[in-house]
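**Student:** There's a structure below that I have some questions on.
2 protein chains.
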Amino acid sequence: MPPMSTMNLEEYAVSLGQAARRAGRMLSLTTGAQRHAALKAMAAALREQSGWLAAENARDMAAGQAAGLSAALLDRLRLDEGRIARMAAAVEEIAAQPDPVGQVIEGWVRPNGLRIEKRRVPLGVVLIMYEARPNVTTDAAALCIKSGNACILRGGKESYHSNAALGEAIGAGLRRAGLPAEAVQVVGTTDRGLVPPLLHQEEYIDLVIPRGGESLIRAVVAESRIPVIKHYTGNCHVYVDAGCPLELAEAVVMNAKTQRPGVCNAAESLLFHREAADRLLAAVCGRLAAAGVEIRGCGRTRELFPAARPATEADWAAEYLDLIIAVKVVDTLEEAIEHINRWGSHHTDAILTTDVGSVEAFVAGVDSGNVMVNCSTRFSDGGEYGLGAEIGISTDKLHARGPMGAADLTTYKWIVTGRGHVRT
Amino acid sequence: MPPMSTMNLEEYAVSLGQAARRAGRMLSLTTGAQRHAALKAMAAALREQSGWLAAENARDMAAGQAAGLSAALLDRLRLDEGRIARMAAAVEEIAAQPDPVGQVIEGWVRPNGLRIEKRRVPLGVVLIMYEARPNVTTDAAALCIKSGNACILRGGKESYHSNAALGEAIGAGLRRAGLPAEAVQVVGTTDRGLVPPLLHQEEYIDLVIPRGGESLIRAVVAESRIPVIKHYTGNCHVYVDAGCPLELAEAVVMNAKTQRPGVCNAAESLLFHREAADRLLAAVCGRLAAAGVEIRGCGRTRELFPAARPATEADWAAEYLDLIIAVKVVDTLEEAIEHINRWGSHHTDAILTTDVGSVEAFVAGVDSGNVMVNCSTRFSDGGEYGLGAEIGISTDKLHARGPMGAADLTTYKWIVTGRGHVRT
Numbered sequence: 031m032p033p034m035s036t037m038n039l040e041e042y043a044v045s046l047g048q049a050a051r052r053a054g055r056m057l058s059l060t061t062g063a064q065r066h067a068a069l070k071a072m073a074a075a076l077r078e079q080s081g082w083l084a085a086e087n088a089r090d091m092a093a094g095q096a097a098g099l100s101a102a103l104l105d106r107l108r109l110d111e112g113r114i115a116r117m118a119a120a121v122e123e124i125a126a127q128p129d130p131v132g133q134v135i136e137g138w139v140r141p142n143g144l145r146i147e148k149r150r151v152p153l154g155v156v157l158i159m160y161e162a163r164p165n166v167t168t169d170a171a172a173l174c175i176k177s178g179n180a181c182i183l184r185g186g187k188e189s190y191h192s193n194a195a196l197g198e199a200i201g202a203g204l205r206r207a208g209l210p211a212e213a214v215q216v217v218g219t220t221d222r223g224l225v226p227p228l229l230h231q232e233e234y235i236d237l238v239i240p241r242g243g244e245s246l247i248r249a250v251v252a253e254s255r256i257p258v259i260k261h262y263t264g265n266c267h268v269y270v271d272a273g274c275p276l277e278l279a280e281a282v283v284m285n286a287k288t289q290r291p292g293v294c295n296a297a298e299s300l301l302f303h304r305e306a307a308d309r310l311l312a313a314v315c316g317r318l319a320a321a322g323v324e325i326r327g328c329g330r331t332r333e334l335f336p337a338a339r340p341a342t343e344a345d346w347a348a349e350y351l352d353l354i355i356a357v358k359v360v361d362t363l364e365e366a367i368e369h370i371n372r373w374g375s376h377h378t379d380a381i382l383t384t385d386v387g388s389v390e391a392f393v394a395g396v397d398s399g400n401v402m403v404n405c406s407t408r409f410s411d412g413g414e415y416g417l418g419a420e421i422g423i424s425t426d427k428l429h430a431r432g433p434m435g436a437a438d439l440t441t442y443k444w445i446v447t448g449r450g451h452v453r454t
Numbered sequence: 031m032p033p034m035s036t037m038n039l040e041e042y043a044v045s046l047g048q049a050a051r052r053a054g055r056m057l058s059l060t061t062g063a064q065r066h067a068a069l070k071a072m073a074a075a076l077r078e079q080s081g082w083l084a085a086e087n088a089r090d091m092a093a094g095q096a097a098g099l100s101a102a103l104l105d106r107l108r109l110d111e112g113r114i115a116r117m118a119a120a121v122e123e124i125a126a127q128p129d130p131v132g133q134v135i136e137g138w139v140r141p142n143g144l145r146i147e148k149r150r151v152p153l154g155v156v157l158i159m160y161e162a163r164p165n166v167t168t169d170a171a172a173l174c175i176k177s178g179n180a181c182i183l184r185g186g187k188e189s190y191h192s193n194a195a196l197g198e199a200i201g202a203g204l205r206r207a208g209l210p211a212e213a214v215q216v217v218g219t220t221d222r223g224l225v226p227p228l229l230h231q232e233e234y235i236d237l238v239i240p241r242g243g244e245s246l247i248r249a250v251v252a253e254s255r256i257p258v259i260k261h262y263t264g265n266c267h268v269y270v271d272a273g274c275p276l277e278l279a280e281a282v283v284m285n286a287k288t289q290r291p292g293v294c295n296a297a298e299s300l301l302f303h304r305e306a307a308d309r310l311l312a313a314v315c316g317r318l319a320a321a322g323v324e325i326r327g328c329g330r331t332r333e334l335f336p337a338a339r340p341a342t343e344a345d346w347a348a349e350y351l352d353l354i355i356a357v358k359v360v361d362t363l364e365e366a367i368e369h370i371n372r373w374g375s376h377h378t379d380a381i382l383t384t385d386v387g388s389v390e391a392f393v394a395g396v397d398s399g400n401v402m403v404n405c406s407t408r409f410s411d412g413g414e415y416g417l418g419a420e421i422g423i424s425t426d427k428l429h430a431r432g433p434m435g436a437a438d439l440t441t442y443k444w445i446v447t448g449r450g451h452v453r454t
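Residue numbers (our numbering), protein chains in the order written: chain A, 31 to 454; chain B, 31 to 454.
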């Protein structure tokens, strides 16, 4: 690939796509053992170069501090030798997962003797756009290599030097294992003008995964000619059914809201069946308030828990990612389901109940990728499900829904075998 | 739904989407037995109203004749009582297929006791855009109802009255079975201005399936905010490997090219390994020519079969859908794979060989949805694979690749069941 400086952004987008397509075709012919060795070499290269990686990261940190990034953003951006060692260990964990490539998903023989086989194969080339989180660079690269895909990685501009250095280390590991360094390409510019031409490379790129704010994702969907799997954040609900015991409601609601409020699977809305509200609402809201959570409630909630502030429609739709929760009392389970389908984000919603009929109705009626029964929304996670590392949590319905692991970065081929069969 | 005449196109698109979403939510709560009964009632309504349906179709036929439609298009447009009876029988065949909804795709228990289940559920609402083929109206409606989805159907403008009448009959059948008629909505206008606002209803429509010409599909992809599964036609190859016997090459090539040349799984390009070319090219091309096929060949082809016309690069990319074939001699299997990946349409490609190593390399190297080994490309079809009726043949890699049956109109939910589990 010629140096980026000699090309305009359009040409650079094409050259990234073409190099990725070539590398992807080579990767699709590798064995699982070769990809495993490449991941081990990537992890080793990260460890060996951790001093230099931390130094390059320090350039981003200095620029971020000068630009006044928040402490939370700076913390996500920061790399030190300990964090780099954990990133390398995560790459090795992905290496240790089962190989999804080549799996026979289904197969049978037709009455005429034709053998039909549906075999799992890599997608080809994946473009991932994400925030200023350098650990996503190594996780995404490792998941793509594991599943036999080439990838193009575009992280947040605040992490530019960190990602460039990580890309060098990853490339060194790939070459050492005999794979093309272009299998993982970190975008070599922070210019946003590259994004539209990249999203037009449908000939060379098979999938786009945008992570980040809703407005960014909507802009990608509007521009892209490549299929997109969206990763919106979550407006997750916990519904406390009639008859729910106090201990169940308190334990799960507290965990779902307060254990890590800034993540997409934290609860943002709490619904009580009116019977449960009368028994439990004041106690549960009291526990939340004592933990520093601001309660924004409907009229009935405020009667039962007068410290609540009044909720507006904006609260039913809100993803606070903070110690705030919207609380509403509903007359029936059906009203809870309708509320969730109308205002939720189809990410993760939970029911707390002792009634089997309520479980059936809630699971069938809630149109969300993850439906939790008597457990915290915080379990909505590829690691917690046992999928290993995840590339993210899809809020789409097509191809992959919910936590996406390495197998979700594959497609399949139909392989049809005859002995001179012709159609009549 | 208010009559379309009182709304502008934007409002009409929203009203179609909202009505479909409501109907889809109701359908998602039906049992397989209810959907089976609805399909039987749809088939019965088609049979009962066949006289009226044929009369409405006659209006389209008269307009088509006046507009000078080709005989082939008029034949695809025409409905008579026999064809309506076959459409009703096709609906009953779809009814008889296994129910994909509710299938547990995977499931396990985590070490902490959480039960994880991945359960197949309907997508919700599917928009299908297609040519002036009234049988697609009933097939698509039946596949969507079978899989628990509501659908919005927009057929070619030449079939407007036929589709409106079919929509009435389908709606009557649905109501008779207690399902909402809005589960199948036939678009009530031929105005192309409806298409952009329809493709912006991502809140109400989950999937768009455009069928038809490449330019139409590209326009849909550029405009749509809803995920699209593309159904391009196919530039299908047959590769004749070194050592291939004459009988195998003759039988499969003749079938792939001439059995039904106007369909997407007919062969358009023929590649010979140079060893096979020396032995077989003249005989195979002679058989094709005798069957009325025009041969367009590379230089080596024309040396071996002088009656061939010279091929240009446009021929390597062409989808003739006619009695024409492009023929090229390659030096190696690898060159054949490169040619197919460069010029093909990733639809269906075949190898004819006696060598197991060639099979392995071809299956691994060709980046197509369907790879045929020692059989005709014409088998690339949902019915031939045993999937039952198909909504089309996806040339995409995401979600569904190759023939798409009712199961490909579903997604899944993760259902996670605990006993008060919280995350620590």
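Glycine residues also receive a C-beta, built at the ideal position from the N, C-alpha and C atoms.
I want to see whether chain B comes within less than 8 angstroms of Met402(A), judged by CB atoms only; does it?
**Tutor:** Residue mapping note: residue 402(A) aligns to position 372 of the first sequence, counting from 1. The beta carbon of Met402(A) falls within 8 angstroms of a beta carbon belonging to chain B, placing the residue at that interface.
**Student:** Confirm, please, whether the CB-CB distance from Gly418(A) to Gly435(A) is below 8 angstroms.
**Tutor:** Taking the first sequence and counting its residues from 1, the one referred to as residue 435(A) is at position 405. Taking the first sequence and counting its residues from 1, the one referred to as residue 418(A) is at position 388. Yes, Cβ-Cβ distance for Gly435(A) and Gly418(A) is below 8 angstroms.
**Student:** If you reduce the DSSP assignment to three classes, tell me which class Val359(A) lands in.
**Tutor:** Taking the first sequence and counting its residues from 1, one reaches residue 359(A) at position 329. Val359(A) falls in the strand class under three-state DSSP.
**Student:** The alpha helix (DSSP H) spanning Tyr42(A) covers which residue range?
**Tutor:** Taking the first sequence and counting its residues from 1, the one referred to as residue 42(A) is at position 12. Leu39 to Leu57 is the span of the alpha helix (DSSP H), which, as asked, contains Tyr42(A).
**Student:** To the nearest angstrom, report how far apart Gly329(B) and Ala306(B) are at their CA atoms.
**Tutor:** As a working note, residue 329(B) is residue 299 in the second sequence. As a working note, residue 306(B) is residue 276 in the second sequence. The alpha-carbon atoms of Gly329(B) and Ala306(B) are separated by roughly 16 angstroms.
**Student:** May I ask which residues mark the beginning and end of the beta strand (DSSP E) holding Glu298(A)?
**Tutor:** For this step, residue 298(A) is matched to residue 268 along the first sequence. First-last of the beta strand (DSSP E) with Glu298(A): Ala297 to His303.
**Student:** Within the 8 angstroms Cβ cut-off, does Ala281(B) reach chain A?
**Tutor:** Translated into positions along the second sequence, residue 281(B) becomes position 251. Yes, contact with chain A.
**Student:** Would you say Ile235(B) reaches chain A, if we count a Cβ-Cβ gap shorter than 8 angstroms as a contact?
**Tutor:** In the second sequence, counting from the first residue as 1, residue 235(B) sits at position 205. It does not; no Cβ of chain A falls within 8 angstroms.
**Student:** Which residue from Trp444(A), Gly399(A) and Val452(A) puts its Cα closest to that of Ile146(B)?
**Tutor:** Position 116 of the second sequence, counted from the first residue, corresponds to residue 146(B). Selected option, being the one with the closest Cα: Gly399(A).
**Student:** Taking the alpha carbon of His230(A) as the reference point, which residue from Gln48(A), Trp444(A) and Gly327(A) has its own alpha carbon closest?
**Tutor:** Position 200 of the first sequence, counted from the start, is the residue given in the question as residue 230(A). Comparing Cα positions, the closest option is Gln48(A).
**Student:** By how many angstroms is the C-alpha of Gly186(A) removed from the C-alpha of Glu324(A)?
**Tutor:** In the first sequence, counting from the first residue as 1, residue 324(A) sits at position 294. In the first sequence, counting from the first residue as 1, residue 186(A) sits at position 156. One C-alpha to the other measures close to 31 angstroms.
**Student:** How big is the Cα-Cα spacing for Arg408(B) and Gly292(B)?
**Tutor:** Translated into the one-based positions of the second sequence, residue 408(B) becomes position 378. Translated into the one-based positions of the second sequence, residue 292(B) becomes position 262. One C-alpha to the other measures close to 11 angstroms.
**Student:** Going by Cα to Cα distance, which pick from Ala93(A), Val131(A) and Thr454(A) is closest to Thr60(A)?
**Tutor:** Locating residue 60(A) in the first sequence gives position 30, counting from the first residue. Of the listed residues, the one whose Cα sits closest to Thr60(A) is Val131(A).
**Student:** Looking at the structure shown, is Asp379(B) part of a helix, part of a strand, or coil, going by DSSP?
**Tutor:** The residue labelled residue 379(B) in the question sits at position 349 within the second sequence. Asp379(B): strand per DSSP, three-state reduction.
**Student:** For Ala172(B), which of Arg150(B), Ala74(B) and Ile259(B) has the nearest alpha-carbon?
**Tutor:** Within the second sequence, the letter at position 142 stands for residue 172(B). For the residues Arg150(B), Ala74(B) and Ile259(B), the minimum Cα distance to Ala172(B) belongs to Ala74(B).
**Student:** Name the residues in the segment 423 to 446 of chain B whose C-beta lies less than 8 angstroms from a C-beta of chain A; which are they?
**Tutor:** Residues Asp426, Lys427, Leu428, His429, Arg431, Gly432, Pro433, Thr441, Tyr442, Lys443, Trp444, Ile445 and Val446.
**Student:** I'd like to know whether the C-beta atoms of Asp361(A) and Arg304(A) end up nearer to each other than 8 angstroms.
**Tutor:** Start at 1 with the first residue of the first sequence, and residue 361(A) comes out as number 331. Start at 1 with the first residue of the first sequence, and residue 304(A) comes out as number 274. Yes, these two residues count as a Cβ contact at 8 angstroms.
**Student:** Could you check what DSSP says for Met31(A) in three-state terms: helix, strand or coil?
**Tutor:** Residue numbering aside, residue 31(A) sits at position 1 when the first sequence is read from its first letter. In this predicted model, Met31(A) has a pLDDT of only 47, less than 50, meaning its place in the structure is not dependable; the value taken from the coordinates is given anyway. DSSP places Met31(A) in coil when its eight states are reduced to three.
**Student:** Taking the Cβ atom as the reference point for each residue, do Leu310(B) and Leu363(B) lie within a distance shorter than 8 angstroms?
**Tutor:** By 1-based counting over the second sequence, the position of residue 310(B) is 280. By 1-based counting over the second sequence, the position of residue 363(B) is 333. No, these two residues do not count as a Cβ contact at 8 angstroms.
**Student:** With H, G and I counted as helix, E and B as strand and the rest as coil, what does DSSP make of Ala101(B)?
**Tutor:** The residue labelled residue 101(B) in the question sits at position 71 within the second sequence. Helix, per DSSP.
**Student:** Just the chain B side, please: which residues come within less than 9 angstroms of Ile175(A) by C-beta, in chain order?
**Tutor:** Within the first sequence, the letter at position 145 stands for residue 175(A). Near Ile175(A) there are no residues of chain B at all, since even the closest Cβ is about 18 angstroms away, more than 9 angstroms.
**Student:** Taking C-beta to C-beta, are Leu69(B) and Ile124(B) nearer than 8 angstroms?
**Tutor:** On the second sequence, residue 69(B) is found 39 positions in, with the first residue counted as 1. On the second sequence, residue 124(B) is found 94 positions in, with the first residue counted as 1. The answer is yes: Cβ separation under 8 angstroms.
**Student:** From this set, Ala281(A), Asp105(A) and Gly422(A), which residue's C-alpha is nearest Met159(A)'s C-alpha?
**Tutor:** Against the first sequence, residue 159(A) aligns to sequence position 129. Looking at the Cα atoms, Gly422(A) is the closest of the given residues.
**Student:** Looking at the strands, I want to know which residues DSSP matches up with Gly422(A).
**Tutor:** In the first sequence, residue 422(A) corresponds to position 392, counting from 1. Gly422(A) is bridged to Met434(A).
**Student:** Between Gly418(B) and chain A, is the shortest Cβ-Cβ distance under 8 angstroms, so that the two count as touching?
**Tutor:** What you label residue 418(B) is simply residue 388 of the second sequence in a count that begins at 1. Taking Cβ atoms only, chain A never reaches closer than 8 angstroms to Gly418(B), which makes this a no.
**Student:** Beta-carbon of His66(B) versus every beta-carbon of chain A: anything under 8 angstroms?
**Tutor:** Here residue 66(B) is taken as the residue at index 36 of the second sequence, counted from 1. Between His66(B) and chain A, the shortest Cβ-Cβ separation is not below 8 angstroms.
**Student:** What's the C-alpha gap between Thr454(B) and Ala126(A)?
**Tutor:** Residue numbering aside, residue 454(B) sits at position 424 when the second sequence is read from its first letter. Residue numbering aside, residue 126(A) sits at position 96 when the first sequence is read from its first letter. If I take the Cα positions, the gap works out to 25 angstroms.
**Student:** Rounded to whole angstroms, how far is the Cβ of Ala380(B) from the Cβ of Val258(B), which I believe are closer than 8 angstroms?
**Tutor:** Here residue 380(B) refers to the residue found at position 350 when the second sequence is read from its first residue. Here residue 258(B) refers to the residue found at position 228 when the second sequence is read from its first residue. Between Ala380(B) and Val258(B) a beta carbon distance of about 28 angstroms is seen, past the 8 angstroms cut, so the two are scored as non-contacting.
**Student:** Closer than 7 angstroms, Cβ to Cβ, to anything on chain A: give me those residues from the segment 235 to 267 of chain B, in chain order.
**Tutor:** Asp236, Leu237, Val251, Ala252, Arg255 and Pro257
**Student:** Looking at chain A, is there any beta carbon in it that lies within less than 8 angstroms of the beta carbon of Arg309(B)?
**Tutor:** Locating residue 309(B) in the second sequence gives position 279, counting from the first residue. Output row for Arg309(B): interface = no.
**Student:** Using beta-carbon positions only, say whether Leu237(B) and Leu57(A) come within less than 8 angstroms of one another.
**Tutor:** Stepping through the second sequence from its first residue, residue 237(B) is reached at position 207. Stepping through the first sequence from its first residue, residue 57(A) is reached at position 27. The Cβ atoms of Leu237(B) and Leu57(A) lie no closer than 8 angstroms to each other.
**Student:** Please state the DSSP three-state secondary structure of Gln289(A).
**Tutor:** As a working note, residue 289(A) is residue 259 in the first sequence. Coil, per DSSP.
**Student:** Does the distance from the CB of Tyr415(A) to the CB of Lys148(A) come in under 8 angstroms?
**Tutor:** As a position in the first sequence, residue 415(A) is number 385, starting the count at 1. As a position in the first sequence, residue 148(A) is number 118, starting the count at 1. No, these two residues do not count as a Cβ contact at 8 angstroms.
**Student:** Name the chain A residues that come within less than 8 angstroms of Asn285(B), Cβ to Cβ?
**Tutor:** Here residue 285(B) refers to the residue found at position 255 when the second sequence is read from its first residue. Residues of chain A passing the Cβ test: Val452 and Arg453.
**Student:** Among residues of its own chain, excluding the 5 on either side of His66(B), which ones have a beta-carbon nearer than 7 angstroms to its beta-carbon?
**Tutor:** Stepping through the second sequence from its first residue, residue 66(B) is reached at position 36. Answer for His66(B): Ala125, listed in chain order.
**Student:** Let me check understanding here. Comparing Cα to Cα, which of Val386(B), Val396(B), Tyr262(B) and Glu40(B) lies closest to Asn295(B)?
**Tutor:** Position 265 of the second sequence, counting from 1, holds the residue named residue 295(B). The residue with the shortest Cα to Cα distance from Asn295(B) is Tyr262(B).
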